[in-house]
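Below you'll find the structure, written out as structure tokens, and then a few comments.
In my numbering, the protein residues as written are 294 to 352.
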């Protein structure tokens, strides 16, 4: 007999539907299988913002 799922398909569907219902287009859903927890991180991708060098850019 197999072990029951720590996080079910219904849990994943609830997480994705909640992101859409909140009006966000982008989100990261992190599933912690050890603790049975789902984290939803809202916002854009994890790219670092462009840093201004205060006028010292090379030409």
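Backbone N, C-alpha and C define an ideal beta-carbon position, used for all residues, glycine too.
In the displayed model, residue 315 falls within coil according to three-state DSSP, outside both helix and strand. In the three-state reduction of the DSSP assignment, residue 305 falls in the helix class. No Cβ-Cβ contact shorter than 7 Å links residue 298 with residue 333.
Here residue 312 has 320, 322, 333 and 335 as same chain residues with Cβ atoms under 8 Å from its own Cβ, once five neighbours each way along the sequence are excluded.
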